[in-house]
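The structure appears below as structure tokens.
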Amino acid sequence: MRRSYKFLLRPTVGQTIALTACLDDHRALYNAALEHRRTAYRKAGVSIRYGEQSADLKHIRAADTAGQGRWSFSSQQATLRRLDRAFAAFFARLKAGHTPGFPRFKGTGSFDTVEWPSDGDGCRWDSQSEHPTTAYVRLQGVGHVRVHRHRPVRGVVKTISVKREGSRWYVIVSCDEVPAEALPATGRTVGIDLGVASLVATSDGALLDNPRHLAACADRLASAQRDLVRRKRGSTRRRKAVARVAALHAKARRRRLDGAHKAALALVGGYDVIVCEDLRITNMTRRVAPKPDGEGGYLPSGAAAKSGLNRSILDAGWGVFLTILSHKAESAGRELIAVNPAQTSRTCACCGHCARENRRTQAEFVCTACGHSAHADVNAAINILRAGLALREAARAA
Ligand SMILES: [Zn+2]
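Residue numbers for the sequence shown follow the numbering used here, so the first one is 416 and each next one is one higher.
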């Protein structure tokens, strides 16, 4: 199994300067290689390939020993390969008849990762393994950087990446052959419904991860964004406002991840079979329907405008959560089944009566046929569980 670990780095002041220079130089390399491809194509109709650019690297490094020459050859090659992938994707979309945007030059804010494609080549994970308490990663041109290793790393380390997020630096360690950590069987099954008030409602009636803190984050984000549009381009105050928006986005992302990890862990620990919605279908059906304005056009959707930011944060949360859940389920040897969620929120789990009127509010479900009342998301989770078990049964019979 392949798996990535992400740890906070604790660089010294000098190392922070070196990391920033490393990122800037890789970005400059990316942009120069892009420029090279563009001019060659425009002036001579020639396509430059990765092999040629990689061969040029040697001369670039020799001519600039205090600059580009400081960094790992391999991480620079990885940057050139990244450009190559951008071009491959561009041509693939072109071929498919789309009108893709040409690969772009990267500004300071849009280039935040450097990758070392193999451990031991310009980088070394756990470079001071004899140190009793602290973990380090050695990066060529930067030195031994302290790592906040909050969990053990298992498997064989393959690639190492450094990523800047706002004012923080992270190392991402990607490992192969990570042993699965199978959990003992519990004999229990569960259905889950993804919601807005709680991230997850289970068929057993539990509500996991109340993302109220995300809503608070969304409010502050909205105010930071209003503040941002008032600032003049190029001003110091605008630069600070941009940093504030980015920091709040990063905070929302960390909280979402944390909540998703905890909810997924609870599910994988408690159940052998977990049934969830197929998110590809969910995202299509839950979109706010546009209202016709009576003159051939559409009214701006009030619901969408009001909760746009909130929803965008939560929507992203569902995808993140299901990704984490599927990884944990695989590692623990649990079965994860995705079902079509159509009608699950308006069908009575007690008698099967299906009507829109059953769902009175976002949270309240009262069946108009049998009077059964329940938390709307829990009711949906029970239906999801049934659909999943039926699907499983059918697959076994076939
Ligand atoms: Zn009913």
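C-beta: ideal position from N, C-alpha, C; glycine also. Remember, predicted model here, so these are calculated numbers, not experimental data.
- If you draw a straight line from the Cα of proline 532 to the Cα of valine 552, it comes to about 14 Å.
- Annotation: the continuous alpha helix (DSSP H) that includes glutamate 450 extends over 428 to 459.
- Distances from the CA of leucine 806 to each of Arg695, Cys766, Ile689 were compared; the closest alpha carbon is that of Ile689.
- A residue is called buried once 16 or more other Cβ atoms fall within 10 Å of its Cβ, and glutamate 530 is buried on that count.
- In this structure, DSSP gives histidine 546 a state outside helix and strand, which the three-state scheme calls coil.
- Segment contact: the stretch 784 to 791 against the stretch 757 to 766, three or more CB-CB distances shorter than 8 Å; contact assigned.
- Counting of Cβ neighbours within 10 angstroms places threonine 776 among the exposed residues, the total staying below 16.
- Among the bridge pairs identified by DSSP, tryptophan 486 is matched with none.
- Closer than 7 Å to some heavy atom of ligand 1: that does not describe the Cβ of cysteine 691.
- In chain order, the residues with a C-beta atom nearer than 6 Å to some heavy atom of ligand 1 are Cys763, Cys765, Cys766, His768, Cys782, Ala784, Cys785, His787.
- Take the alpha-carbon of arginine 561 and the one of proline 547: they are about 13 Å apart.
- Looking at the DSSP output, isoleucine 587 bridges to Lys421, Ser576.
- Each residue's CA atom was taken as its position, placing cysteine 691 and glutamate 596 some 22 Å apart.
- When the five nearest sequence neighbours on each side are left out, the beta carbons in the same chain lying within less than 6 Å of the beta carbon of leucine 598 are those of Ala747, in order along the chain.
- The beta carbon of valine 572 sits closer than 7 Å to the beta carbons of Asp534, Trp540, Val588, Cys590 from its chain, once the five residues preceding and following it are set aside; these are given in chain order.
- Counting only residues of its own chain and dropping the five nearest sequence neighbours on each side, alanine 550 has a CB closer than 7 Å to the CB of Asp541, Val562, Arg564.
- In chain order, Arg646 place their CB closer than 8 Å to the CB of arginine 652, counting only its own chain and leaving out the 5 sequence neighbours on each side.
- Distance from the CA atom of threonine 617 to the CA atom of threonine 604, rounded to whole angstroms, is 10 Å.
- By the beta-carbon neighbour count (other beta carbons within 10 angstroms, threshold 16), asparagine 625 is exposed.
- The C-beta of alanine 675 has 16 or more other C-beta atoms within 10 Å across all chains shown, which makes the residue buried.
- Sequence-distant Cβ neighbours of serine 741 in its own chain, meaning closer than 7 Å and more than five residues away, are Leu751.
- Arginine 583 sits close to leucine 423, with the two beta carbons spaced by under 8 Å.
- For the pair glutamine 640 and valine 557, the CB atoms are not nearer than the 8 Å cut-off.
- Where aspartate 673 is concerned, the enclosing alpha helix (DSSP H) starts and stops at 651 to 685.
- Arginine 476 carries a helical assignment under DSSP once its states are collapsed to helix, strand and coil.
- By the criterion of a C-beta distance shorter than 7 Å, arginine 774 is surrounded in its chain by Ser760, Arg761, Phe780, Ala791, once the five residues flanking it on both sides are discounted.
- Between the alpha carbons of threonine 514 and glycine 602 lies a distance of about 52 Å.
- Counting along the chain, the unbroken beta strand (DSSP E) around valine 688 starts and ends at 688 to 692.
- No residue range can be given for arginine 774, since it is assigned to no alpha helix (DSSP H) and is classified by DSSP as neither H nor E.
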